[in-house]
Amino acid sequence: MAQAAPTPGGMPGRTRSRFAGRTIRPVHTPDIFDDRVHRAARYGIPVILGLVYGYWAAANRRGGGEITGWNILFGFVTAAAFIVLCLAVATFAPLLKRELHSLVKSGFAGAAVGFLYSQTGESIYRSVALGIVVTAAVFGVFFYRYYTREDGEGNRLR
Numbered sequence: 001m002a003q004a005a006p007t008p009g010g011m012p013g014r015t016r017s018r019f020a021g022r023t024i025r026p027v028h029t030p031d032i033f034d035d036r037v038h039r040a041a042r043y044g045i046p047v048i049l050g051l052v053y054g055y056w057a058a059a060n061r062r063g064g065g066e067i068t069g070w071n072i073l074f075g076f077v078t079a080a081a082f083i084v085l086c087l088a089v090a091t092f093a094p095l096l097k098r099e100l101h102s103l104v105k106s107g108f109a110g111a112a113v114g115f116l117y118s119q120t121g122e123s124i125y126r127s128v129a130l131g132i133v134v135t136a137a138v139f140g141v142f143f144y145r146y147y148t149r150e151d152g153e154g155n156r157l158r
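As numbered in this note's numbering, residues 1 to 158 make up the sequence shown, in order.
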């Protein structure tokens, strides 16, 4: 049988461990990037997403027509607003409790999709409805993620 035999000289009720005296640390995924890469990604990703979003909004607004200077200006203003809001959400949302954290991020996603849809010329009611549906779906995903990875105060579980 594969059972451990008692060791001579051991104290009753105590077992010896080959890890005696050593601290066992939890296993985390390795961080293969240094701080410069994380800092560049913190600002680079919202900028790239903002430029794509601005182009998308301008393309929806012109509806396949010709590109004008006002259309280009609209795209860059939309991109700048998206970048600023995305950075604000990424900075301040993690400071909130998990419910509000999820709601802020999902509200931003729903408002962004609703605004894009409103630029196609559809009814404002359909744009709002689509924004609410996207907000609810993203909220469900984020809330589940934060609920399973944080305690009640927002501290990450280890």
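Think of the CB as a built atom: it goes at the ideal place given N, C-alpha and C, for glycine as much as any other residue.
{"Item": "What's the call for Ile-83, buried or exposed, on a 16-neighbour Cβ count within 10 Å?", "Value": "buried"}
{"Item": "Do you know offhand how far Ala-80's Cα is from Leu-49's?", "Value": "10 angstroms"}
{"Item": "Tyr-131 to Val-138, Cα distance in whole Å?", "Value": "This sequence places Gly at residue 131; Tyr is not what is there. If I take the Cα positions, the gap works out to 10 angstroms."}
{"Item": "Starting from Ala-111, trace the alpha helix (DSSP H) both ways and give me its first and last residue.", "Value": "98–118"}
{"Item": "Considering only the alpha carbon of each residue, which of Tyr-147, Ile-32, Gly-54 and Ser-123 lies closest to His-101?", "Value": "Tyr-147"}
{"Item": "Can you find the residues in the same chain that come closer than 7 angstroms, C-beta to C-beta, to Cys-86, ignoring five residues on each side of it along the sequence?", "Value": "Pro-46, Leu-49 and Gly-50"}
{"Item": "Find the nearest neighbour of Thr-78 within the set Ala-88, Tyr-55, Ser-123 and Pro-94, judged by alpha-carbon distance.", "Value": "Tyr-55"}
{"Item": "Out of curiosity, what's the CA-to-CA distance linking Tyr-117 and Tyr-53?", "Value": "12 angstroms"}
{"Item": "Can Asp-115 and Val-89 be called in contact, C-beta distance under 8 angstroms?", "Value": "One point to set straight first is that residue 115 is Phe, not Asp, in the sequence displayed. No, the pair does not count as a contact, with Cβ atoms beyond the cut-off."}
{"Item": "Given that a residue counts as buried once 16 or more other Cβ atoms are within 10 Å of its Cβ, and exposed if not, what is Gly-75?", "Value": "buried"}
{"Item": "In or out: Ser-123 buried (at least 16 other Cβ within 10 Å) or exposed?", "Value": "exposed"}
{"Item": "Using only the alpha-carbon positions, how far apart do Arg-149 and Ser-127 sit?", "Value": "33 angstroms"}
{"Item": "Whole angstroms are fine: how far does the CA of Val-141 sit from the CA of Asp-31?", "Value": "25 angstroms"}
{"Item": "Using beta-carbon positions only, say whether Asn-71 and Gln-119 come within less than 8 angstroms of one another.", "Value": "no"}
{"Item": "Residue range of the alpha helix (DSSP H) that Pro-46 falls in?", "Value": "35–62"}
{"Item": "Report the rounded CA-to-CA distance for Arg-36 versus Ala-93, giving the unit in angstroms.", "Value": "23 angstroms"}
{"Item": "Using only alpha-carbon positions, find the residue among Val-133, His-38, Gly-121 and Thr-91 that is nearest to Arg-62.", "Value": "Gly-121"}
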